[in-house]
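Asker: Under my numbering, the first residue of the sequence shown carries the number 162, and numbering increases by one thereafter.
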Amino acid sequence: MNPPKTLILGIGNAIRGDDAIGLLLARELAKDPPPETTVRELETSGFEILDTIAGFSTVIIIDAMRAKKDDSVGEVICAPLDASHPTATLLPSHGFDFSQLIQTWRRAHPERIPADIFFILIKAADVDEFREGLSRPLQMKFAQILDDVRAEIKNLLRLD
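#1: Would you say G235 and I176 are within 8 angstroms of each other, going by their C-beta atoms?
#2: Does the distance from the C-beta atom of M226 to that of K302 stay below 8 angstroms?
#3: DSSP state of A228, grouped into three classes?
#4: Rounding to the nearest angstrom, what Cα-Cα distance links R297 and R201 in this structure?
#5: With L242 and S218 assumed to form a contact (beta carbons below 8 angstroms), what rounded beta-carbon distance in angstroms separates them?
#6: Cβ of I278 within 8 angstroms of Cβ of I222?
#7: In angstroms, rounded to a whole number, what distance separates the CA positions of D289 and L186?
#8: According to DSSP, simplified to helix, strand and coil, what is G216?
#9: CB-CB under 8 angstroms to L211, same chain, minus the five flanking residues each way: which ones, in chain order?
#10: Just to confirm, are L295 and D179 a CB contact at a threshold of 8 angstroms?
#11: Who are the Cβ neighbours of D308 in its own chain at under 7 angstroms, not counting the five residues just before and after it?
#12: Return the chain-ordered ranges of every beta strand (DSSP E) run that is complete within the segment 260-312 and spans a minimum of 3 residues.
#13: Going by Cα to Cα distance, which pick from A215, I172 and L184 is closest to H270?
#14: Starting from the C-beta of G146, find all residues in its chain whose C-beta is less than 7 angstroms away, skip the five residues before and the five after it, and write them out in chain order.
#15: With distances taken from CA atoms, which of F291, K315, K166 and L299 is nearest S233?
#16: What did DSSP end up calling I210 once you bin it into helix, strand or coil?
Structure follows, in structure tokens:
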């Protein structure tokens, strides 16, 4: 049996409030993963993501995105990694832009970077606060966010 070629990767920081949303969603997804996928969590602030995604053909990265308005907290956005959809919104949360890092590495080492990379971003308010646990608005919406993320993954992987 061949190993799964799709990685679902929840990233974040467990002690930075809402930034943990990617980790928590990955933890829930791992309990009942989509067919033929590997689900992992990664707390990172660096290049470790490049080693983690190497060898997969498709990667779905789940992460927090700073909400510009309080009423958008909990909104789920799906975006492919490509030049027309930069994800600079990840910059404040991690200190650099993952999409730019991956695109640069892809040019240098195309054989190591998956062909299809997607971001599922969850709008969050408190990504810089040093505390464990999600803010009340994200806690209240967590079940719906998880359902929305599952639907996005199903759509991306064309599962019926």
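Cβ coordinates follow ideal geometry from the N, Cα and C atoms, glycine included.
Answerer: By the coordinates alone:
#1: No, the Cβ-Cβ distance between G235 and I176 is not below 8 angstroms.
#2: Against a cut-off of 8 angstroms, the Cβ pair of K302 and M226 comes out as no contact.
#3: Note: A228 maps to coil in three-state DSSP.
#4: Roughly 25 angstroms between the two C-alpha positions.
#5: Contact between L242 and S218 does not hold, since the beta-carbon distance rounds to 14 angstroms and is not under 8 angstroms.
#6: A contact, by the Cβ cut-off of 8 angstroms.
#7: Spanning the two alpha carbons is a distance of roughly 19 angstroms.
#8: In the three-state DSSP reduction, G216 falls in the coil class, being neither helix nor strand.
#9: For L211, where only same-chain residues beyond five positions count, the Cβ hits under 8 angstroms are L262, I263, W266, R273 and I274.
#10: Yes.
#11: Answer for D308: no residue qualifies.
#12: 277-285, all fully within the segment 260-312.
#13: The alpha carbon of H270 has as its nearest neighbour, out of A215, I172 and L184, the alpha carbon of A215.
#14: Residue 146 lies beyond the residue range present for the chain, which begins at 162 and ends at 321; the question has no answer from this structure.
#15: Considering only alpha carbons, the answer is L299.
#16: Three-state DSSP puts I210 in a helix.
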